[in-house]
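Everything below concerns the one structure shown next.
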Amino acid sequence: VAMGERYDCTECQESLYGHKYILKEEKPYCIKCYETLFSNTCEVCQKLISCTSKDLSYKDRHWHSDCFLCNKCSRSLVDRPFATKNEMLMCIECYSNEYSAKCHACLKNIMPGSKKMEHKGNSWHESCFTCNRCQQPIGTRSFVQKDANNYCLPCYEKQFALQCVHCKKPITTGGVNYHDQPWHKECFVCIGCKQQLAGQRFTSRDDFAYCLDCFCNLFAKKCAYCTTPISLGGSKYISFEQRQWHNDCFNCKRCCVSLVGRGFLTCKDDILCPDCGKDI
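Numbering (the working numbering), first residue to last: 2 to 281.
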């Protein structure tokens, strides 16, 4: 400023010569006007935060250094980690005691910002969430809970899982019990066609399991007329001198009348009604 020129506060127009002032956007302000116009109000004491005081801010809120305290224990939060709950400032210790989950294993608070594992309403420190058998942290690996203990899958299989009698591998889900022995669903198949039998009707012979179709084809009695098997499961048939017929196949060879419940005659391999048998 050249000698003789005025240098005044932008707001109150008072001369700034010999006084402290602050430039904002290249405009000079006396201290009083600057604080009135631009200083923030402290959240706690509601007083302006002067130019000579440290202004601490968090999410558009402001505090004096001396007012920046834990809402619970009143310790200073300057240069300390802190957390907020319902806009209240708290040191990490008070926040943890008040709101943090407790580790299901060591019963200590899980500090804000630290990694925690959760399962069925319980929480663990990452380092405390371990397999009950090998004691290694489970992390994000698959696990099984049994009797309130957690097991990684390899340890669970070694300790608890039944072994399939067919493939000798552990059964972890969906097994089948047959003759008091455990099977994988995929391993419990028909000895003939290899289709899975779990949930299907089947029968057995000589300790081997068969679907009904395979069993009938292999072992069921065959109809003397149509030669197809007489299926299991309640199908009605006629038996005579080591031969069997489906009910629908038990007809007179000549006139085709049904002989079920009627008298009949035999001629070599044929069966005849009494009328047709007269001509023999």
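Even for Gly, the Cβ is constructed at its ideal location relative to N, Cα and C.
Check, Outcome
"Presumed contact (8 angstroms Cβ cut-off) between Ala149 and Ser124, rounded CB distance", "Actually they do not touch by this definition, with Cβ atoms about 15 angstroms apart."
"Thr37, DSSP secondary structure in three states", "helix"
"Residues bridged to Cys31 (per DSSP)", "Tyr22"
"Burial state of His20 (16 or more Cβ within 10 Å)", "exposed"
"Run of the alpha helix (DSSP H) containing Ile93, from where it starts to where it stops", "Ile93 to Tyr100"
"Exposure label - Pro155; buried when at least 16 CB within 10 Å", "exposed"
"Cα-Cα separation between Gly122 and Glu158, rounded to whole angstroms", "25 angstroms"
"First through last residue of the beta strand (DSSP E) which encompasses Leu266", "Leu266 to Cys268"
"Buried or exposed by the 16-neighbour rule on C-beta atoms within 10 Å, applied to Tyr22", "buried"
"Among Ile139, Met118 and Asp208, nearest to Ile192 - alpha-carbon criterion", "Asp208"
"Distance, Leu17 Cα to Val2 Cα", "Residue confidence is low: Val2 scores 44 on pLDDT, short of 50, so the model does not pin down where it sits. No coordinate-derived value is stated."
"Contacting residues, own chain, Cβ-Cβ under 8 angstroms from Tyr226 (five flanking each side not counted)", "Trp246, His247, Cys250, Phe251 and Asn252"
"Contacts around Met4, its chain only, beta-carbon distance under 6 angstroms, and the 5 residues preceding and following it disregarded", "Because Met4 sits at a pLDDT of 47, beneath the cut-off of 50, its placement in the model cannot be relied upon, and the following sentence gives the value as read from the coordinates. Correct list: empty, nothing qualifies."
"Assigned secondary structure, Ala3 (DSSP; H/G/I helix, E/B strand, else coil)", "Legend: pLDDT at Ala3 = 44, less than 50; position of this residue unreliable, no value from coordinates given."
"Length of the line joining the Cα atoms of Cys165 and Cys132", "24 angstroms"
"Buried or exposed by the 16-neighbour rule on C-beta atoms within 10 Å, applied to Met118", "buried"
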